[in-house]
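Asks:
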Amino acid sequence: MSAPESNTGPGPEPTSGQEGRLDPGTAEELEQERAREAGGAAVAPAADTESRLAKGLQQAMSSNWTVSAGAVLLAVLAGSIMIAFTDEEVKEASAYFFARPQDTLVALGQAIGGAYSALFRGSVVNVQAPDFVTAIRPLTETLSYATPLIAAGLGVALAFRAGLFNIGGQGQMLMAAAAAGWVGFGISGVPFPLHLLMAVVAGVAAGALWAGLAGLLKARTGAHEVIVTIMLNYVAFYLIAYLLATPGLLQAPGSSNPKTPPTPESAQLPPLLGERFNLTWGFVLAVLAVVGVWWLLNRSSVGFSYRAVGENPRAARVAGIDTGRATVSSMLVSGGLVGLAGVSQVLGGVTTGFSSDIDAGIGFDAITVALLGGSNPWGVLAAGILFGAFKAGGTTMQAAEGVPSDIVLVVQSLIVLFIAAPPLVRAIFRLPDPTRRRAPKKPKATRNRKEAAA
Amino acid sequence: MSADHKTTQLDAPLSETTRTVTLVTWKTVGVLLVVTVLYALLLIAVPHSGDTRFLLSQRSDFFQIPVIVVPAAPFAWACGAVMLAVTAVAVVLTARGRRTPLWLVVIYSLAGLAGFLAWAGAGSPRDLSIVGLLGGAVLWSVPFVYGALGGVIGERSGVVNIAIEAQLLGAAFTAAIVSSITNSAFAGLFAAVFAGALVALVLGLFAITYHVNQVIVGVVLNVLVVGLTSFLYSQVLVPSAETLNSTTRFASIPIPVLSDIPVLGPVLFDQPLPIYLMFIAVPTVWYTLNRTRWGLRLRAVGEHPKAADTVGIDVVRTRYNAVLVAGAVAGLGGAFYTTVYLSQFGENMTGGAGYIALAAVIFGKWDPIRSAFAGLLFGFASNLQNVLSVVGSPVPSQFMLMVPYVVTLLAVAGLVGRSRPPAASGEPYIKG
Numbered sequence: 001m002s003a004p005e006s007n008t009g010p011g012p013e014p015t016s017g018q019e020g021r022l023d024p025g026t027a028e029e030l031e032q033e034r035a036r037e038a039g040g041a042a043v044a045p046a047a048d049t050e051s052r053l054a055k056g057l058q059q060a061m062s063s064n065w066t067v068s069a070g071a072v073l074l075a076v077l078a079g080s081i082m083i084a085f086t087d088e089e090v091k092e093a094s095a096y097f098f099a100r101p102q103d104t105l106v107a108l109g110q111a112i113g114g115a116y117s118a119l120f121r122g123s124v125v126n127v128q129a130p131d132f133v134t135a136i137r138p139l140t141e142t143l144s145y146a147t148p149l150i151a152a153g154l155g156v157a158l159a160f161r162a163g164l165f166n167i168g169g170q171g172q173m174l175m176a177a178a179a180a181g182w183v184g185f186g187i188s189g190v191p192f193p194l195h196l197l198m199a200v201v202a203g204v205a206a207g208a209l210w211a212g213l214a215g216l217l218k219a220r221t222g223a224h225e226v227i228v229t230i231m232l233n234y235v236a237f238y239l240i241a242y243l244l245a246t247p248g249l250l251q252a253p254g255s256s257n258p259k260t261p262p263t264p265e266s267a268q269l270p271p272l273l274g275e276r277f278n279l280t281w282g283f284v285l286a287v288l289a290v291v292g293v294w295w296l297l298n299r300s301s302v303g304f305s306y307r308a309v310g311e312n313p314r315a316a317r318v319a320g321i322d323t324g325r326a327t328v329s330s331m332l333v334s335g336g337l338v339g340l341a342g343v344s345q346v347l348g349g350v351t352t353g354f355s356s357d358i359d360a361g362i363g364f365d366a367i368t369v370a371l372l373g374g375s376n377p378w379g380v381l382a383a384g385i386l387f388g389a390f391k392a393g394g395t396t397m398q399a400a401e402g403v404p405s406d407i408v409l410v411v412q413s414l415i416v417l418f419i420a421a422p423p424l425v426r427a428i429f430r431l432p433d434p435t436r437r438r439a440p441k442k443p444k445a446t447r448n449r450k451e452a453a454a
Numbered sequence: 455m456s457a458d459h460k461t462t463q464l465d466a467p468l469s470e471t472t473r474t475v476t477l478v479t480w481k482t483v484g485v486l487l488v489v490t491v492l493y494a495l496l497l498i499a500v501p502h503s504g505d506t507r508f509l510l511s512q513r514s515d516f517f518q519i520p521v522i523v524v525p526a527a528p529f530a531w532a533c534g535a536v537m538l539a540v541t542a543v544a545v546v547l548t549a550r551g552r553r554t555p556l557w558l559v560v561i562y563s564l565a566g567l568a569g570f571l572a573w574a575g576a577g578s579p580r581d582l583s584i585v586g587l588l589g590g591a592v593l594w595s596v597p598f599v600y601g602a603l604g605g606v607i608g609e610r611s612g613v614v615n616i617a618i619e620a621q622l623l624g625a626a627f628t629a630a631i632v633s634s635i636t637n638s639a640f641a642g643l644f645a646a647v648f649a650g651a652l653v654a655l656v657l658g659l660f661a662i663t664y665h666v667n668q669v670i671v672g673v674v675l676n677v678l679v680v681g682l683t684s685f686l687y688s689q690v691l692v693p694s695a696e697t698l699n700s701t702t703r704f705a706s707i708p709i710p711v712l713s714d715i716p717v718l719g720p721v722l723f724d725q726p727l728p729i730y731l732m733f734i735a736v737p738t739v740w741y742t743l744n745r746t747r748w749g750l751r752l753r754a755v756g757e758h759p760k761a762a763d764t765v766g767i768d769v770v771r772t773r774y775n776a777v778l779v780a781g782a783v784a785g786l787g788g789a790f791y792t793t794v795y796l797s798q799f800g801e802n803m804t805g806g807a808g809y810i811a812l813a814a815v816i817f818g819k820w821d822p823i824r825s826a827f828a829g830l831l832f833g834f835a836s837n838l839q840n841v842l843s844v845v846g847s848p849v850p851s852q853f854m855l856m857v858p859y860v861v862t863l864l865a866v867a868g869l870v871g872r873s874r875p876p877a878a879s880g881e882p883y884i885k886g
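As given, the protein sequences belong to chains R and S, one line each in that order. Note that the working numbering numbers the first sequence so that position 129 is 129, with each residue one more than the last. Note that the working numbering numbers the second sequence so that position 131 is 585, with each residue one more than the last.
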């Protein structure tokens with residue numbers, strides 16, 4: 001008696017009404033909403049990850065900037081404490097803290113201020129620079145560090161949206177780097193733009209195929225993509241190690257080191273701002289990829305099928321979507337994007353020849369970038385640039401102030417943690433809780449309760 | 455009359471289809487076939503002549519087994535024949551709609567392994583030590599097994615524990631410092647347990663109390679702990695390495711009589727304490743999860759927190775307990791690195807072991823015992839390179855190193871298949 005009543009009641013109504021106001025993709029969103037409801041309580045956890053992710057990040061994004069600022073402040077504070085505890089001068093001064101406390105404070109200020117100003121100098125603008133070019137150089141460094149992070153982050157994010165956890169970034173980058181590198185130095189006599197294009201295509205295709213293999217195994221046999229991608233990382237690593245150690249394959253001729261010959265100029269990504277900066281056209285490719293992924297996810301039917309499968313595979317199947325195909329193709333695209341990261345490394349970042357550590361941990365960093373960016377292309381762009389800034393700044397900080405760049409990892413991860421938990425930040429800073437004023441939370445909760453009861 | 459006829463007609467094909475869908479799967483057969491063909495291709499493509507010497511005994515054994523010398527090529531082909539026979543049996547069984555029993559797969563795997571080792575060691579003057587092969591596998595599996603147990607406990611309570619890597623690394627770091635200061639491996643082990651639980655507490659705080667996505671928390675914690683330990687390593691441990699980073703390790707404790715059994719003795723009963731603890735931990739976790747009230751509640755919270763809450767189980771508290779225990783168990787695995795394996799901490803020394811443990815959890819279908827065996831398999835894989843490098847590998851070593859991971863891929867695809875995690879795994883519980 002009460003069940004049908006509440007079904008037509010306040011449950012889904014406000015949600016759909018609100019979405020109607022939001023954007024032109026309403027029809028899709030509505031369909032998705034219906035798909036979600038059709039699935040009912042029997043939702044697979046993989047799919048749930050995404051919806052919770054979306055919810056959590058929606059929360060994070062829509063919450064006022066004070067929370068984000070608070071998160072950054074907390075993380076920076078934690079970093080400061082770490083610097084303070086390990087700085088030699090602070091240690092010396094604190095030995096006579098009660099005699100002359102101001103010495104300790106000055107030392108603290110110098111250590112922490114020095115570290116963070118070096119971080120800023122290394123990532124945004126070098127205020128000590130004699131001329132303009134040197135001054136803005138750090139910004140371009142940030143963008144060139146960000147390039148592979150954005151590309152790989154997009155790949156991981158896209159897989160997340162399709163309900164897949166792609167931990168195989170390392171393997172996909174290695175395969176892409178090997179393919180692009182081989183086309184680069186293995187084929188000669190091709191003029192510049194064509195040679196570059198061939199290398200990029202080869203790399204992206206290699207990354208796509210390596211991830212597509214994982215997608216195929218998942219779709220055909222149900223093998224969990226987490227295991228498959230991790231195992232493929234190892235397989236790729238050893239395969240590349242073999243290719244690098246074998247003369248005539250990837251190894252530089254006349255050398256016994258496991259290292260490739262340098263990438264010839266005709267296959268290199270040209271510099272974007274002239275020879276004086278390291279920034280290459282790879283960054284433009286990454287930004288184009290952001291636009292492409294945004295279009296794919298939000299404006300194309302293929303992307304819609306990815307999101308539907310990610311939200312609720314059963315409902316998607318009922319709605320006539322070939323989930324297996326969506327799994328394989330989303331992994332292909334995801335791997336291609338991660339492959340682009342490998343390509344930008346080989347053809348742009350490290351053109352003097354590479355070894356089996358060319359992935360530089362970007363495959364794993366990309367997971368954090370994707371999560372911080374909310375699995376949303378523009379968010380990934382912003383998160384990638386932020387992480388690029390941290391990488392660029394961390395190097396300067398280590399060189400100038402002797403503070404290990406590992407501290408950047410700590411600050412980075414704390415920022416992500418705090419941004420993901422607004423209630424904690426609010427509790428610490430005693431900020432008002434805005435959730436009471438927000439309408440959409442309530443109906444969702446009611447519906448969940450109904451589902452669980454049914 | 456006609457109505458009766460209709461129902462029978464309808465019934466028959468219906469039951470037939472359900473039977474074929476649920477029972478018959480050609481995946482296993484497919485994988486067995488693929489592996490057999492690959493194996494045969496390997497033997498044909500890279501033929502080896504000569505003998506392989508399998509060393510089974512150690513000098514201290516109860517009684518000595520002589521070194522077994524087999525002609526490599528015929529032995530490898532014989533093993534291949536066994537594999538082919540098993541595959542044929544599997545084909546027949548599957549055609550009759552029956553499942554391939556596990557023991558057949560085990561026979562198949564053992565034959566394949568023996569043949570592969572014989573082929574790999576052919577013509578080598580060195581003995582291929584079976585004890586080294588298996589003992590090393592047990593030793594190397596320690597972080598995977600403990601990590602997998604931690605993962606299983608966490609996920610069965612509904613909290614995805616991707617932070618295994620962080621727990622291992624944090625525990626290894628803490629164990630290194632404490633064991634160096636106190637000169638006691640035991641103190642290091644205890645400290646490792648606390649460090650693992652501390653990481654788990656942070657995971658719990660964010661994942662359970664603040665409902666942050668558990669995958670995010672896990673991944674981020676892994677990065678956080680790498681950053682923290684590397685920072686402290688370079689700033690604190692390196693400057694005073696002698697006092698803070700030279701640990702006391704656990705010595706092997708041979709169990710009287712049992713350790714003298716050939717092969718099994720040195721492999722299982724002549725190991726350091728954390729490994730004996732592991733032998734106890736695996737069945738204990740299984741028993742606790744499946745046969746105690748605490749375990750029942752834990753699983754209930756992981757499968758259907760709402761229902762558990764309705765009958766009066768405190769979901770949040772149960773999950774916190776589970777996550778803390780999971781972290782403590784994973785911490786034991788972390789202690790392996792600095793109190794058993796090496797006597798010092800190194801930057802990022804776990805090197806992704808936590809992710810492998812995660813794979814073991816899924817491979818073992820969220821069951822403690824199966825996950826432990828999966829961990830053992832990965833331990834075997836990690837150790838294989840050591841053994842083969844002693845023998846001198848005939849094909850490029852990189853391919854030998856790749857084999858275990860390829861086999862895992864095939865096994866996951868063919869034998870395990872679709873795995874179903876606990877229903878509420880990864881889902882924060884919001885009361886009301």
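Where a beta carbon is used, it is the ideal one built from N, C-alpha and C, also for glycine.
#1: Is there contact between the segment 613-630 of chain S and the segment 848-861 of chain S, where contact requires at least three CB pairs shorter than 8 Å?
#2: So, with DSSP's three-state summary, where would you put R/N64?
#3: Is the Cβ-Cβ distance between S/G575 and S/N840 less than 9 Å?
#4: Could you tell me which chain R residues have their CB closer than 8 Å to the CB of S/F853, listed as they occur along the chain?
#5: Which bits of chain R does S/K438 rub up against, with CB to CB less than 8 Å?
#6: Among S/W557, S/D505, S/I584 and S/L558, which has the Cα closest to the Cα of S/L842?
#7: Quick one: give me the first and last residue of the alpha helix (DSSP H) that S/L558 is part of.
#8: Using the C-alpha atoms, what's the distance from S/P525 back to S/L588?
#9: Excluding the five sequence neighbours on either side, which residues of its own chain have a C-beta within less than 6 Å of the C-beta of S/V483, listed in chain order?
#10: Out of R/R307, R/A366, R/G320 and R/I407, which one is the CA nearest neighbour of S/V673?
#11: Looking at C-beta atoms only, is the number of pairs between the segment 338-346 of chain R and the segment 227-243 of chain R that lie closer than 8 Å three or more?
#12: Using a Cβ-Cβ distance cut-off of 9 Å, determine whether R/F283 contacts chain S.
#13: Interface residues of chain R around S/L812 at Cβ under 9 Å?
#14: So, is the C-beta of R/A245 closer than 9 Å to a C-beta in chain S?
#15: For the beta strand (DSSP E) holding S/T506, just list the boundary residues, first then last.
#16: So what's R/T280 in DSSP terms, helix, strand or just coil?
#17: Report buried or exposed for R/N398, applying the criterion of at least 16 other Cβ atoms within 10 angstroms of its Cβ.
#18: Touch check for the segment 599-606 of chain S and the segment 787-803 of chain S: three-plus C-beta pairs under 8 Å?
#19: Under 9 Å, do S/G612 and S/A780 count as touching if we go by C-beta distance?
#20: DSSP puts R/S405 in a beta bridge; with which residues?
#21: Say whether chain R places a C-beta atom closer than 9 Å to the C-beta of S/T476.
#22: Return the Cβ separation of R/S144 and R/F192 in integer angstroms, given the expectation that the two are a contact with Cβ distance under 8 Å.
#23: Which class does R/N7 belong to by DSSP, given the choice of helix, strand or coil?
#24: Taking buried to mean at least 16 other C-beta atoms within 10 Å of its own C-beta, is S/R753 buried or exposed?
#25: Using a C-beta cutoff of 9 Å, does R/F364 count as contacting chain S?
#26: Is the shortest distance between the beta-carbon of S/F799 and the beta-carbons of chain R less than 9 Å?
#27: Using 9 Å as the limit for Cβ to Cβ distance, is R/I367 near chain S?
#28: Just curious, the alpha helix (DSSP H) that R/Q170 is in, first and last residue?
#29: Closer than 6 Å by C-beta to S/N837: which residues in its own chain qualify, once you throw out the five before and the five after it? Chain order, please.
#30: Kindly indicate which three-state DSSP category R/D103 falls into: helix, strand or coil?
#31: Specify whether the segment 196-206 of chain R and the segment 254-262 of chain R touch according to this definition: at least 3 beta carbon pairs, one from each stretch, less than 8 Å apart.
#32: Skipping 5 residues on each side, what residues in its chain have a beta carbon closer than 8 Å to that of S/L686?
#33: I'd like to know whether the C-beta of R/Y145 is nearer than 9 Å to at least one C-beta of chain S.
#34: Determine the closest residue to R/A319 out of R/A211, R/V328 and R/R307, with distance taken between C-alpha atoms.
#35: Hey, out of S/N699, S/T742 and S/T772, whose CA is closest to S/T663's CA?
#36: So which residues on chain R does S/L678 lean against when the C-beta distance must stay under 8 Å?
Replies: To lay it out plainly:
#1: no
#2: In this prediction, R/N64 has a pLDDT of 49, which is less than 50 and means its spatial position is unreliable; nothing more can be read from the coordinates.
#3: no
#4: Y238 and Y242
#5: Here chain S covers residues 455 to 886 and nothing more, so residue 438 of chain S does not appear.
#6: S/I584
#7: L556 to A574
#8: 22 Å
#9: A544, V545 and T548
#10: R/A366
#11: no
#12: no
#13: I167, V226, I227 and I230
#14: yes
#15: D505 to L509
#16: strand
#17: A small correction: the amino acid at residue 398 of chain R is Gln; Asn does not occupy that position in the sequence shown. Label assigned to R/Q398: buried.
#18: yes
#19: no
#20: DSSP, once it has assigned bridges, lists no residue as partnering R/S405.
#21: With a pLDDT of 46 at S/T476, under the threshold of 50, the modelled position of this residue cannot be trusted; read the value that follows with caution. Taking Cβ atoms only, chain R never reaches closer than 9 Å to S/T476, which makes this a no.
#22: At roughly 20 Å, the Cβ-Cβ gap does not stay under 8 Å, so R/S144 and R/F192 are not in contact.
#23: At R/N7, the pLDDT of 37 sits below 50, so the modelled position is not reliable; the number obtained from the coordinates is stated separately. Helix, per DSSP.
#24: buried
#25: yes
#26: no
#27: yes
#28: G169 to G186
#29: G590, A591 and W594
#30: helix
#31: no
#32: F627
#33: no
#34: R/R307
#35: S/T772
#36: L409, V410, S413, L414 and L417
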